[in-house]
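See structure below.
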Amino acid sequence: MTAVTRLPRDPGPAAWNEILPPPPETMRLENHCVSDWLVIGAGFAGLTAAFRLKEKHPHDRIVVLDAKQVASGPAGRNSGFMIDLPHDLASDDYGGGVTRDLETLQENRAAIAYAKKIAAQFDMPLWAFNPCGKINAAAGLNGHQHNLDFAHHLAELGEGFEIYDAEQMHSITGTHYYKSGLFTPGTIMLQPAAYIRSLAQGLRELGVEIYENSPVLTLNKKLTWTAKTPLGQVEAPRVILAVNGHANSFGHFKRRLVHVFTYASMTRALSEKEVKTLGGHKNWNATPADPLGTTVRRISDPSGDRIVIRNRATYDPKMTVTNRRLKSVSVTHNKSFAARFPMLRGVEMEYRWGGRLCLSRNNVAAFGEIDRDLYSACCQNGLGTAKGTLHGMLAADLASGIDSDLLQQVLSQDDPQKIPPEPFAWLGANVLMKWGERKAGREL
Ligand SMILES: Cc1cc2nc3c(=O)[nH]c(=O)nc-3n(C[C@H](O)[C@H](O)[C@H](O)COP(=O)(O)OP(=O)(O)OC[C@H]3O[C@@H](n4cnc5c(N)ncnc54)[C@H](O)[C@@H]3O)c2cc1C
């Protein structure tokens, strides 16, 4: 019997979920049901897998179980960048670098195209799913140079981009903090909780059963798979495991998944006067030119005008963090906010939270058939809005026997590499991240 060793614990509120109107009443699993399919996890990967299964097997019974309420986990905690481009682009094909970049682009774009189809089918508003592109913002000279190098590689690949100078960045963002920006058009900006809730609601209307607050406590195979929750159980011949890093809690990919938390803060809604003082566009978004820098979003949606910032990362192999950690990270958030928005002095953060990422050392997914009729769509390497969509879609295809070049491409990637034993992994990862944050300088 496989007993699940850990259940998800998310620090602080899922702000994107909190600023939406209250969700419909949640349904817990409280009986014994027999289904054609079971999907465990209702994040990007799990709900996309359920959507794909419904598309391919419209008459099958599909059950989704989540330990928490839909959109209260990492799916409602992320910064909402559904990105098409890899973080870094190789300068030559030595070791297959450029080939892999092109494959990543193709995979991310396939995921984005599928998410566009989902958004159109469920009539999502522009503020929840906006194909507006993103800016990689540079606050210092190193960041600026990084953007120029990245733009050079984009040109070689024939990809579109625009470089913004300091004045253009000021007119978009209202702040003089940024030296330059690299705009690329392929990113979708999500209100992540709105996207996930609307996908879940659409699935329910199609007949998919989604049970929330129904953690899987054991998962066993005899003739068929049986998942037990505190109040019920589901029997299904085929199961898709879409729990990201919690694949470890189900006993899979042991010592191969790296559990990292990252943190964000969201201001209260700005007053009209504050909006005027800030200036700039009503909606803009900036990833940092240094990977350990600060992500910023300015949003204007039915919840009001707000600023959201994200930075800091910590390696936490136990998959939990304390409230003290959240407090200590807030200090960095306040500094990053004050440095960028001195004109908004006195504007408080209404929400502060953290969330789990799952990475692998070699930047690959934990994907494929991991036991008979058990399929994994886990380990999104911090980019789960696109990667989770991709792996959910492809896990459903794999389980359904639907082949494609894209599926073969993902299946041909290596398995996640082993990580060093503790405490070496903990020490190594945290020292590296601390050093990286220091090196990020003004980008943090
Ligand atoms: C602050 C922050 C900012 C981020 N920004 C971005 C961004 O801009 N772009 C981007 O692409 N990614 C971003 N991410 C990462 C992104 O949120 C994740 O990669 C993504 O949510 C992973 O999707 P998933 O569906 O694989 O897993 P999850 O969203 O984690 O979903 C897995 C689900 O499984 C459920 N589960 C776990 N165990 C059980 C169990 N025993 N029984 C039942 N259910 C279970 C969990 O409750 C959860 O709902 C960010 C993350 C954070 C925290």
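For what it's worth, the working numbering labels the leading residue of the sequence shown as 1, then goes sequentially.
By construction, the Cβ of each residue, glycine as well, lies at the ideal position given by its N, Cα and C atoms.
### Message
Shorter than 7 Å, the distance from the beta carbon of Q380 to the closest heavy atom of ligand 1, or not?
### Response
Result yes, Cβ under 7 Å from ligand 1.
### Query
If you compare alpha carbons, which of G441, A395, S400, A386 is closest to T187?
Of the listed residues, the one whose Cα sits closest to T187 is A386.
### Message
Can you look up P423 in the DSSP assignment and give me helix, strand or coil?
### Response
If DSSP states are grouped into helix, strand and coil, P423 belongs with coil.
#### Entry: Length-filtered (4 minimum) alpha helix (DSSP H) runs lying within the region 141-179
141-157, 166-173, all fully within the region 141-179.
### Query
Should M319 be listed as close to ligand 1, given that the test is whether its C-beta is under 7 Å from any heavy atom?
Checking every heavy atom of ligand 1 against the Cβ of M319, none is found closer than 7 Å.
### Query
Does DSSP put M319 in a helix, a strand or coil?
In the structure shown, M319 sits in coil (DSSP, three-state: anything other than H, G, I, E or B).
### Query
What three-state label does DSSP hand Q233 in the structure shown?
The three-state reading of DSSP puts Q233 in strand, counting E and B together.
### Query
What separation, rounded to the nearest whole angstrom, lies between the Cα atoms of W498 and F250?
This structure gives no information on residue 498, because the portion of the chain shown stretches from 1 to 444.
### Task
Report yes if the C-beta of I447 is less than 7 Å from at least one heavy atom of ligand 1; otherwise report no.
The structure shown has nothing for residue 447, since the chain only spans 1 to 444.
### Query
How would you call R442, buried or exposed, if buried means at least 16 neighbouring beta carbons within 10 angstroms?
With 16 or more other Cβ atoms from the protein chains shown falling within 10 Å of its own Cβ, R442 counts as buried.
### Task
Report the residue from A45, R256, Y178 whose alpha carbon sits nearest the alpha carbon of G392.
Closest option to G392, judged by alpha-carbon separation, among A45, R256, Y178: A45.
### Message
Let me confirm a value: N78 is counted as buried when at least 16 other C-beta atoms fall within 10 Å, else exposed. Which label applies?
### Response
Per the 10 Å Cβ criterion, buried.
#### Entry: the region 144-156 / the region 195-213 touching (three or more Cβ pairs under 8 Å)
The region 144-156 is not in contact with the region 195-213.
#### Entry: Span separating the alpha-carbon of L203 from that of V431
In a straight line, the C-alpha of L203 is about 43 Å away from that of V431.
### Task
May I have the straight-line CA-CA distance separating G354 from N248, to the nearest angstrom?
Each residue's Cα considered, the two are about 20 Å apart.
### Message
Quick check: is any heavy atom of ligand 1 less than 7 Å from the C-beta of D66?
### Response
Yes, ligand 1 has a heavy atom inside 7 Å of this Cβ.
### Query
Can you tell which of G12, P86, P416, S171 has its C-alpha closest to the C-alpha of E107?
When each option's Cα is compared against that of E107, the closest is P86.
### Query
Cβ atoms of M169 and S180: under 8 Å apart, would you say?
In this structure, S180 lies near M169, with their beta-carbon atoms less than 8 Å apart.
### Query
Around the Cβ of K68, are there at least 16 other Cβ atoms within 10 angstroms (buried) or fewer (exposed)?
The residue in question, K68, is buried, as its Cβ has 16 or more Cβ neighbours within 10 Å.
### Task
Flag this pair as touching only if the region 327-345 and the region 358-377 have three or more C-beta atom pairs under 8 Å; answer yes or no.
Too few Cβ pairs lie closer than 8 Å, so no.
### Query
So what does T277 bridge to, in DSSP terms?
The partner list for T277 (beta bridge, DSSP) is empty, contrary to what the question assumes.
### Query
Taking buried to mean at least 16 other C-beta atoms within 10 Å of its own C-beta, is G43 buried or exposed?
Classification for G43: buried.
### Task
Measure the C-alpha to C-alpha separation of K221 and A236 and round it to an integer number of angstroms.
Rounded to whole angstroms, K221 to A236 spans 10 Å at the Cα level.
### Query
Which residue's Cα is closest to the Cα of Q409: G97, E103, F424?
For the options G97, E103, F424, the alpha carbon positioned closest to that of Q409 is the one of E103.
### Task
State yes or no: is the C-beta of P317 within less than 8 Å of the C-beta of A425?
Their beta carbons are under 8 Å apart, which means P317 touches A425 by this criterion.
### Test item: CB-CB of A15 and T218 under 8 Å
By the CB criterion at 8 Å, A15 and T218 fall outside the cutoff.
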